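Chain order of the listed sequences is A and B. Residues in the first sequence are numbered from 7 upward in steps of one, following my numbering. Residues in the second sequence are numbered from 120 upward in steps of one, following my numbering. Quick reminder that beta carbons are idealized off the backbone N, C-alpha and C, glycines included. All figures in this text were calculated on a predicted structure; none of them were measured in a lab.
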Amino acid sequence: MPRIIKNRQIVEDDWQVLALAAGETPDTVPLPAAPVLLPLSVWQARRDEIIARAAPLGVWLDSHEGPEALAGDIDRFTVIGVNFPKFTDGRSYSSARLLRERYGYGGEIRALGDVLQDQLFYMQRCGIDAYALRADKDMEKALAGLSVFSEAYQAAVDQPQPLFQRRPVQEPT
Amino acid sequence: MYRYDKTDQQIINERVTQYRDQISRHLAGELTTDELRPLRLQNGLYIQRHGPMLRIAIPYGMLAAAQLRKLAEISRRYDRAVGHFTTRQNMQLNWPQFEETPAILAELASVQMHAVQTSGNCVRNITSDHFAGIAPDELTDPRPYCELLRQWSTFHPEFAFLPRKFKIAVNAAAVDRAVIRAHDIGLDLVLDDDGEIGFRVFVGGGLGRTPILGKVVREFLPRRHLLSYLDAILRLYNRYGRRDNMYKARIKILVQALGIEEFSRQVEAEWSQLKDGPTTVPDAEFARLAGHFNPPAWETLPAEDPLHAARIRTDRAFAHWVRRCVHAHKTPGYAAVTLSLKAPGVAPGDISDAQMRAVADLAERFSFGEVRVSHEQNLVLADVRQRDLHELWQIARSHRLTTANIGLLTDMICCPGGDLCALANARSTPIAEAVHQKFDDLDYLHDIGDISLNISGCMNSCGHHHVANIGILGVDKNDEEWYQITIGGQQGNAAAIGKVIGPSFYAQEVPSVIEALIAVYLENRTDSERFIDTLQRIGIDPFKARAYAGRDRRRTAKVDSREKEVVNA
Numbered sequence: 007m008p009r010i011i012k013n014r015q016i017v018e019d020d021w022q023v024l025a026l027a028a029g030e031t032p033d034t035v036p037l038p039a040a041p042v043l044l045p046l047s048v049w050q051a052r053r054d055e056i057i058a059r060a061a062p063l064g065v066w067l068d069s070h071e072g073p074e075a076l077a078g079d080i081d082r083f084t085v086i087g088v089n090f091p092k093f094t095d096g097r098s099y100s101s102a103r104l105l106r107e108r109y110g111y112g113g114e115i116r117a118l119g120d121v122l123q124d125q126l127f128y129m130q131r132c133g134i135d136a137y138a139l140r141a142d143k144d145m146e147k148a149l150a151g152l153s154v155f156s157e158a159y160q161a162a163v164d165q166p167q168p169l170f171q172r173r174p175v176q177e178p179t
Numbered sequence: 120m121y122r123y124d125k126t127d128q129q130i131i132n133e134r135v136t137q138y139r140d141q142i143s144r145h146l147a148g149e150l151t152t153d154e155l156r157p158l159r160l161q162n163g164l165y166i167q168r169h170g171p172m173l174r175i176a177i178p179y180g181m182l183a184a185a186q187l188r189k190l191a192e193i194s195r196r197y198d199r200a201v202g203h204f205t206t207r208q209n210m211q212l213n214w215p216q217f218e219e220t221p222a223i224l225a226e227l228a229s230v231q232m233h234a235v236q237t238s239g240n241c242v243r244n245i246t247s248d249h250f251a252g253i254a255p256d257e258l259t260d261p262r263p264y265c266e267l268l269r270q271w272s273t274f275h276p277e278f279a280f281l282p283r284k285f286k287i288a289v290n291a292a293a294v295d296r297a298v299i300r301a302h303d304i305g306l307d308l309v310l311d312d313d314g315e316i317g318f319r320v321f322v323g324g325g326l327g328r329t330p331i332l333g334k335v336v337r338e339f340l341p342r343r344h345l346l347s348y349l350d351a352i353l354r355l356y357n358r359y360g361r362r363d364n365m366y367k368a369r370i371k372i373l374v375q376a377l378g379i380e381e382f383s384r385q386v387e388a389e390w391s392q393l394k395d396g397p398t399t400v401p402d403a404e405f406a407r408l409a410g411h412f413n414p415p416a417w418e419t420l421p422a423e424d425p426l427h428a429a430r431i432r433t434d435r436a437f438a439h440w441v442r443r444c445v446h447a448h449k450t451p452g453y454a455a456v457t458l459s460l461k462a463p464g465v466a467p468g469d470i471s472d473a474q475m476r477a478v479a480d481l482a483e484r485f486s487f488g489e490v491r492v493s494h495e496q497n498l499v500l501a502d503v504r505q506r507d508l509h510e511l512w513q514i515a516r517s518h519r520l521t522t523a524n525i526g527l528l529t530d531m532i533c534c535p536g537g538d539l540c541a542l543a544n545a546r547s548t549p550i551a552e553a554v555h556q557k558f559d560d561l562d563y564l565h566d567i568g569d570i571s572l573n574i575s576g577c578m579n580s581c582g583h584h585h586v587a588n589i590g591i592l593g594v595d596k597n598d599e600e601w602y603q604i605t606i607g608g609q610q611g612n613a614a615a616i617g618k619v620i621g622p623s624f625y626a627q628e629v630p631s632v633i634e635a636l637i638a639v640y641l642e643n644r645t646d647s648e649r650f651i652d653t654l655q656r657i658g659i660d661p662f663k664a665r666a667y668a669g670r671d672r673r674r675t676a677k678v679d680s681r682e683k684e685v686v687n688a
């Protein structure tokens, strides 16, 4: 079974990710058996049909797709994927924060795509808690990416108080 | 200046560990060249024409003497005993060894320095007024706000992979010395009608291939909301800035596409969700930060030191230097000193390790141990007693740091250009040197008076040529170096983008073209006019006509279509 990093551990995982191939359309693409992360377009086109399957729901947002599109249904999803088509495309960091901080999403947010060790720390801070590491990378080694820094300046999902609200009183070094 | 506490130090130490691991994984083949590239850029490491270049952060230009000594030591041990100051108040080392860069970062961390986010598509070094804290025309010290922004922008988890680089500058003075409208975000400290401190926020400025001055996105932002408001702007930019075309990826293009009113509306909508959240900055934090910038122990002195006045009368060379390199200080009896890094025969902004040590000594002896880097690529000692100026001048002169040309034609802002930079279309420092040779008479330079001449080796505009009275841009035409000239740009409150005077020139023509432009000014000026004033009064045409008079235009051509902005190498 494929493995992912989830809650800072390597776990087996049976969620599939559906991506539309050339020529496939959201209206007609066959739905794989659950559990599956569906493209936003498929969710939007066939919402009622998908809900009727009475299986755990998953959807994934590409980097240009905002979480606004899921606002009304957010609590239906067990897993929401956020895609990084390239690791230098930073849009999904904002998507993840919005899912957590604006839409109050409490389920799993999974990083998909070009997911690499050196971005895991930022992803974690933005509320992503599961990582489908790029297949050619060593998952055991990548775990170290989650604990590169022991402290951070900004407020974010993992630490809602910025450092200036928490900074211990100390003499400058 | 700001001194790290244990947490600040720990974060920077962990950054060194992270970078060392990244380099070793790269050398072990676990991290490809393409995967390493954005990571090393966010640690200031470029791969240039002759090898790596390391850009070291100097937050808002503030350096302690011990830090400057460390830079001297690093430049000697790991480089060729020379450093180069940049227009973002940073220092570049042009000849480090790739494998030694982790060791350099560790050395820097030992004196509370780093190279964090000096490149890459992220928030870059925050820049500000090199006279911060001592300028007579200042509303309040901008540096606590700069430090707040340094911390906020350091490893911001949401904004590490923006569409493009992002530059922020802060001004708090009546005269803007930080070119804030040439920045992605420019912050102007102001008071509202109730006396509350806040910011006029400009957005969408930038130089590069599409020079645009920033527009006001908010007239008044109370200071406690600074971070949430910037989060809102950056979030909009991160989500909606163009990523399909790197030449159109800066925030200025997004602002232009939406229009400032619509952009502002969207920022306000996003901000309304973030405002008054945990990122609201309490007064206690402003007070903590301000405490790091408490004034040094200035003595109570007479406004005019009689001995200093007498020396000005009797020593002509000293008087010349004072006129150009000594600046007003808000405290009686004190002055700020610019140490010119624009001596003839030296690339603008370059400094040797011996000079770095000399400046560190001068700072400790005469200026409370602090040095500032100006965006014009000079050094400033901000707190010198008038009575010490003569002695300081004598010592600095022995280190070739007293060229009396600040604000004059040869105080050129100039990028490293094609000699070193992989992005450049043309060399820039030989042009600067040619200007030095053509205008080698200091009396003549003083007669010409205040003028700015900036040189960039390519469209990236690191040399700020767009905002110079005379701007020179290197262009590549059929593998030949040509130079396009703009006039009428300026920085400051009346910031303006210069206009191209016509077809470009080849290198040998440039000094005489500048001479022609100067001649038109000298012939037309009134007693009180600077170059820019005369130009604005009589218009560009007389300058244009003289620049091209008698030149064989068959040798020129339109700017080559291949000439383009290039992103980080």
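Interface flag, residue i vs chain A, CB-CB below 8 Å
i	result
A279 of chain B	yes
R362 of chain B	yes
W271 of chain B	yes
Q609 of chain B	no
Y138 of chain B	no
E489 of chain B	no
I130 of chain B	yes
N357 of chain B	yes
Residue-chain proximity (residue i, chain B), Cβ-Cβ < 8 Å
i	result
P73 of chain A	no
L122 of chain A	yes
G96 of chain A	yes
Y99 of chain A	yes
R14 of chain A	no
A25 of chain A	no
Y137 of chain A	no
E114 of chain A	no
S156 of chain A	yes
R59 of chain A	no
R52 of chain A	no
Neighbouring residues, chain A, relative to residue i (Cβ below 7 Å)
i	result
Q392 of chain B	R108
Residue i to residue j span [Cα, whole Å]
i	j	result
E18 of chain A	W66 of chain A	19 Å
T126 of chain B	E423 of chain B	44 Å
D402 of chain B	M365 of chain B	40 Å
F624 of chain B	A664 of chain B	14 Å
E157 of chain A	I130 of chain B	7 Å
A251 of chain B	L306 of chain B	14 Å
K334 of chain B	A587 of chain B	20 Å
L340 of chain B	F318 of chain B	5 Å
A51 of chain A	L44 of chain A	11 Å
V201 of chain B	R442 of chain B	29 Å
Classification of residue i by the beta-carbon crowding that lies within 10 angstroms, buried from 16 upward
i	result
V175 of chain A	exposed
D313 of chain B	exposed
L147 of chain A	It should be noted that the sequence gives Lys, not Leu, for residue 147 of chain A. Classification of K147 of chain A: exposed, given that the 10 Å Cβ count is below 16.
V456 of chain B	buried
E495 of chain B	buried
K596 of chain B	buried
L310 of chain B	exposed
L187 of chain B	buried
E257 of chain B	buried
Q15 of chain A	exposed
Y137 of chain A	buried
Contact set between residue i and chain A, taken where Cβ atoms lie within less than 8 Å
i	result
T398 of chain B	Q160, A161 and P168
T206 of chain B	Neighbours of T206 of chain B on chain A: none; closest Cβ ~25 Å, over 8 Å.
Partners in chain B for residue i, counting only beta-carbon separations shorter than 7 Å
i	result
Y128 of chain A	P276 and A279
Listed by chain order, chain A residues near residue i by CB distance under 9 Å
i	result
L158 of chain B	D124
E387 of chain B	Correct list: empty, because the minimum Cβ distance to chain A is about 16 Å.
T220 of chain B	By Cβ distance, chain A contributes nothing, its closest Cβ being about 16 Å from T220 of chain B, past 9 Å.
R354 of chain B	S100, R103 and L104
Does the segment 360–380 of chain B come within contact of the segment 406–421 of chain B, defined as at least 3 CB pairs closer than 8 Å? No, they do not touch.
Determine, using beta-carbon pairs with one atom in the segment 75–83 of chain A and one in the segment 101–115 of chain A, whether at least three such pairs fall under 8 Å. With the cut-off at 8 Å, the segment 75–83 of chain A and the segment 101–115 of chain A touch.
Cβ contact (3+ pairs, closer than 8 Å) linking the segment 510–517 of chain B and the segment 548–563 of chain B: As far as the Cβ criterion goes, the segment 510–517 of chain B does not touch the segment 548–563 of chain B, which means the pair count is below three.
Check whether the segment 413–423 of chain B touches the segment 356–365 of chain B, counting contact only when three or more Cβ pairs, one atom from each stretch, lie closer than 8 Å. Contact between the segment 413–423 of chain B and the segment 356–365 of chain B is absent, because fewer than three Cβ pairs lie under 8 Å.
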